[in-house]
Amino acid sequence: MPELTRRRALGAAAALTAAAGAQAVTATAVSAVPRVSPAPGLSAAEHHHGGPAAFDEVYRGRRIEGRPMSGGGHHHGAGYAVFIDGVELHVMQNADSSWISVVSHYDPVPTPRAAARAAVVELQGAPLVPFDAN
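Taking our numbering, the leading residue of the sequence shown gets 118, the next gets one more, and so forth.
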């Protein structure tokens with residue numbers, strides 16, 4: 118059996134350190150992957166991969182609607198239109214898949230339905246004025 122030298126001991130220690138470091142980096146990278154968890158109160162239909170589901174409801178006394186659009190309307194909403202009392206609410210999907218509207222521009226939300234609800238809260242009963250994007 119070969120004699121244990123300082124060179125072999127340091128080589129073995131370096132190999133073990135490198136293996137442990139690689140394992141730690143892999144574990145950190147895996148844990149850093151964002152986990153998408155559904156927002157509370159949202160239906161399973163709003164979490165499918167084909168885009169947001171259509172909705173039509175009364176929220177705080179205002180009728181809010183959302184549906185996929187093909188052509189027409191505003192183009193920043195990734196082909197999706199939202200209406201409050203029949204007036205289009207300009208919505209836009211961000212690169213991180215969150216949504217914003219012209220009413221609550223600095224408060225991103227997970228779905229167009231949440232954007233419509235946030236706009237209703239922010240409007241405090243005031244009518245939504247049509248937005249001219251041109």
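We put the beta carbon where it would ideally sit given N, CA and C, even for glycine.
For this session: Hey, could you find the ends of the beta strand (DSSP E) residue 239 is sitting in?
Result: Not the beta strand (DSSP E): residue 239 falls in the alpha helix (DSSP H), residues 229 to 240.
Problem set entry | residue 223 versus residue 217: straight-line alpha-carbon distance, rounded | 7 Å
Exercise. Do you know whose CA, among 180, 184, 185, 213, lies nearest residue 201's CA?
Worked result: 180
Exercise. If you check the beta carbons only, do residue 206 and residue 172 fall under 9 Å apart?
Worked result: no
Problem set entry | Reduced DSSP category for residue 128 - H, G, I as helix; E, B as strand; rest coil | helix
Problem set entry | Those residues which DSSP pairs with residue 120 across a bridge | According to DSSP, residue 120 bridges with nothing at all.
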